[in-house]
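Colleague: Numbering (mature numbering (1 follows the signal peptide of the UniProt record, and there is no 0)), first residue to last: -22 to -1, 1 to 115. For every residue, glycine included, the Cβ atom is placed at its ideal position computed from N, Cα and C. Have a look at the structure that comes next, please.
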């Protein structure tokens, strides 16, 4: 099968070659290289806008419309891929002054890589101590 991203890159490359040839052969001699380069740049920007439209996960009303929203590891700040079945997401509840759960929580996501290295406990402790100071828990 063909990789769609590679096909798009080839398409942009071909558009680039076409625009370069058009700039060379259609430009009057008085136009100059700077104007030809500006026209080529404009053509490439249009081609890139068509090939790579803006990607958004929200509709006009601000609601999430994608089926999968990637998570980031709280310890390493890396994206957790969908096939990382060793990753975990932990909610830590907030307590009031009497030690009772107040309905709020903080979520931490840890990748399988962090867990495999044995750093999950220390990372979670470090992250919670930092967050606890922020929320004055």
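For residue 114 and residue 64, what's the separation of their Cα atoms in angstroms?
Modeller: If you take the alpha carbons of residue 114 and residue 64, they lie about 31 angstroms apart.
Colleague: Please report how far the alpha carbon of residue 43 lies from the alpha carbon of residue -9, in whole angstroms.
Modeller: About 34 angstroms.
Colleague: Among 39, 36, -7 and -20, which residue has its Cα nearest to the Cα of residue 19?
Modeller: Looking at the Cα atoms, -7 is the closest of the given residues.
Colleague: Using DSSP with H/G/I as helix, E/B as strand and the rest coil, what is residue 81?
Modeller: Three-state DSSP puts residue 81 in a strand.
Colleague: Considering just the uninterrupted stretch of the alpha helix (DSSP H) at residue 113, what are its terminal residues?
Modeller: That run of the alpha helix (DSSP H) goes 98 to 113.
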